[in-house]
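Before any comments, here is the structure.
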Amino acid sequence: MAEKKKFLLRIDEKVYAALEKWAADDLRSINSQIEYLLTDLLKKSNRLKSNNSPEENSPKVPSDEN
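Structure representation (structure tokens):
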């Protein structure tokens, strides 16, 4: 498993409370919820490659070069 970077995050109390509730609803820790949300947004904005991207997982079909 890859090593995770540790850092301090200062966050508005209302945002924290909303994240705390959302994390509880999803049965995640707040840390896991934040990481999940950030990863999802990074993938959607094409700033992080998805591990399940169709191009990476599909078998290579040889081209018909006759």
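According to the working numbering, the residues represented by the sequence shown are 19 to 84, in order. For glycine and all other residues, C-beta sits at the position ideal for the given N, C-alpha and C.
Is it buried or exposed, residue i, if we count other Cβ atoms within 10 angstroms and call 16 or more buried?
i: N75; result: Below a pLDDT of 50, predicted positions are generally treated as unreliable, and N75, at 42, falls in that range; the measurement from the model is reported next regardless. By the neighbour-count rule (16 or more Cβ atoms within 10 Å), N75 is not buried but exposed.
Using only the alpha-carbon positions, how far apart do residue i and residue j sit?
i: K32; j: S68; result: 31 Å
i: P77; j: L27; result: Legend: pLDDT at P77 = 48, less than 50; position of this residue unreliable, no value from coordinates given.
i: T57; j: A20; result: 15 Å
i: L45; j: L55; result: 14 Å
i: S50; j: K24; result: 13 Å
With DSSP as the reference, label residue i as helix, strand or coil.
i: E38; result: helix
i: L66; result: coil
i: L26; result: coil
i: D58; result: helix
i: E21; result: coil
Going by beta carbon distance, what residues of the same chain come within less than 6 Å of residue i, once the five residues before and after it are set aside?
i: I48; result: L37, E38, A41
Let me check understanding here. Comparing Cα to Cα, which of the options lies closest to residue i?
i: K22; options: Y34, E53, I29; result: E53
Within its chain, find whatever has a CB closer than 8 Å to the CB of residue i; leave out the 5 residues flanking it on each side and keep chain order.
i: Y34; result: I48
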